[in-house]
Amino acid sequence: MSQAAKWDHEFVWHPFTQMQDWLQQIPVVIERGEGIYLIDEDGKKYYDGVSSLWVNIHGHNHPDLNKAIIEQVGKISHSTLLGLVSPPSAQLAKELVDIAPEGLEKVFFSDDGSTAIEVALKMAYQYRQLVGQTKKTKFISLTSAYHGDTLGTVSVGGITLFHEVFHSLLFKPILLPSPGIYRDVADREQAFEASLQELERILQDQHEEITALIMEPLVQAAAGMLVMPEGYLKRVRELTKQYDVFLILDEVATGFGRTGKMFACENENVAPDLMTLSKGITGGYMPLAATLTTKKIFDAFLGTFEEKKTFYHGHSYTGNALACAVALASLEVFRKEHVIDNLPPKIEAMADALKSVEILAHVKEVRQRGLIVGIELEKDVASHIPYHPNDAVGAKVAVLARTKGLICRPIGDVVILMPPLASTAEDIRDMVRILHE
Ligand code: PLP
């Protein structure tokens with residue numbers, strides 16, 4: 001084992017990892033990145049099939065992003081947003097508002113997806129207190145949702161495996177059954193209608209106590225890439241508006257081109273009251289997040305010091321200049337390289353290539369939305385017999401794919417793929433070929 005691997009085993013505690021298993025394996029040490037490839041310390045190249053967890057949308061070592069960081073380092077790396085302004089954060093806020101869905105006009109910076117969600121939840125909650133809707137204290141969230149790992153975001157999460165141990169520490173949202181996805185069209189339509197009917201019932205009965213509904217638009221990612229039925233988001237928007245409940249859209253994973261549009265909600269022409277962004281925002285160069293909201297919500301926080309209307313929330317790195325500078329460069333890459341316009345043939349190439357996977361013996365279902373893919377495996381598809389958790393089938397596929405030059409990830413029995421947007425159609429076909437093997 002290399003020195004890095006030894007120190008890793010001795011000192012590092014990895015996220016979402018059973019460390020007992022980890023310590024029995026020789027880890028792969030990634031030393032460099034080049035375009036859509038990761039390169040380990042032995043020089044072996046791998047496709048970064050998960051964009052290093054959704055973030056490296058333009059790949060690695062992009063000259064324009066490198067340049068932005070270097071230029072900003074030469075000026076200043078960080079100055080606090082408490083009482084001071086930094087040019088990159090001001091410009092980034094403007095540019096985010098320019099491309100955001102209509103009505104989102106104010107930007108609150110933080111550091112990662114979880115903090116962006118915490119900010120959205122607290123903003124929505126405090127807004128209601130400020131405008132005298134003091135009974136509106138509850139949130140609605142969806143079953144199988146995932147919004148992060150801090151206590152607030154875990155509270156609105158719906159994945160039992162991650163959350164049950166912390167149960168007594170959490171606040172309890174009203175859980176709405178996710179429409180998820182079913183192979184059978186009739187089941188899918190039924191789930192769609194059932195979920196919306198339940199939402200309407202909840203809103204009719206309790207809207208006076210509900211501040212906001214939070215959801216991932218179009219795809220529940222950590223649930224195993226559960227694709228929502230077309231039109232669901234639009235209906236949720238209509239209902240929440242009708243009952244004066246804010247819609248918080250968690251675009252942490254889906255934002256910045258993943259679904260084929262800049263933001264997933266554009267696919268259904270929906271504008272939320274609050275929207276959270278992170279992951280792809282800096283192209284994987286620096287941790288950064290943003291919570292966007294409306295002028296109506298912002299204005300409710302205006303007042304004198306004594307009125308105590310201030311939003312008392314902030315982090316040391318809020319609006320970090322390096323992160324904002326590279327986020328601006330990433331938006332410039334979107335424009336210069338026509339990233340969004342170039343996506344449709346890549347998405348099509350993915351759909352086409354996945355047909356070869358769909359027909360494999362142990363593939364229960366292939367789910368795709370844009371460049372987001374989940375391949376669900378089952379021991380016996382005809383008889384609906386799942387693998388035993390100890391089979392760790394998803395993890396085994398991911399390890400085998402890695403030996404063949406593709407980094408992908410398992411979520412239980414679902415193998416996930418979300419390649420960099422910078423991948424060509426040919427790259428995508430090759431990644432799927434490896435998965436197929
Ligand atoms: N929201 C969604 C939809 C996510 O997929 C994630 C992370 O995977 C988060 C929030 C949390 O983001 P972070 O891990 O940056 O805190």
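First residue of the sequence shown: 1, per full-length UniProt numbering; consecutive thereafter.
All C-beta atoms, glycine included, are put in the ideal place defined by N, C-alpha and C.
Residue i in three-state terms, based on DSSP
i	result
D40	strand
M123	helix
M19	helix
P410	strand
F109	strand
E230	coil
R429	helix
I375	strand
Q3	helix
V154	helix
A290	strand
E34	strand
R128	helix
F246	strand
R258	coil
F305	helix
E251	coil
L274	strand
Check: residue i C-beta below 8 Å from any heavy atom of the ligand PLP
i	result
D149	yes
K279	yes
Y317	no
L53	yes
V154	no
D21	no
G103	no
Y146	yes
A264	no
G113	yes
Which listed residue (the options) has its alpha carbon closest to that of residue i
i	options	result
V373	R402, L360 and P410	P410
L82	I416, A422 and S110	S110
M123	I347, G319 and I297	I297
R201	Q91, V236, D64 and L218	V236
L331	D48, A223 and A93	A93
V227	V73, P88, D40 and R188	R188
I416	I375, V432, E437 and M431	I375
P27	G35, I36, E34 and T17	T17
A401	T276, W7 and Y47	Y47
E437	A353, L322, E268 and H167	A353
G314	V165, D98, D112 and E102	D112
S316	H78, S278 and E102	H78
Buried versus exposed call for residue i [16 or more other C-beta atoms within 10 Å across all chains shown]
i	result
F305	exposed
D205	exposed
M19	exposed
Near the ligand GDP: residue i beta-carbon under 8 Å from a heavy atom
i	result
E216	As presented, the structure is devoid of the ligand GDP, carrying the ligand PLP as its sole ligands.
Alpha helix (DSSP H) runs contained entirely in the segment 161–238, provided each spans 4 or more residues: Restricted to the segment 161–238, the alpha helix (DSSP H) segments that are unbroken, complete and at least 4 residues in length are 185–206, listed in chain order.
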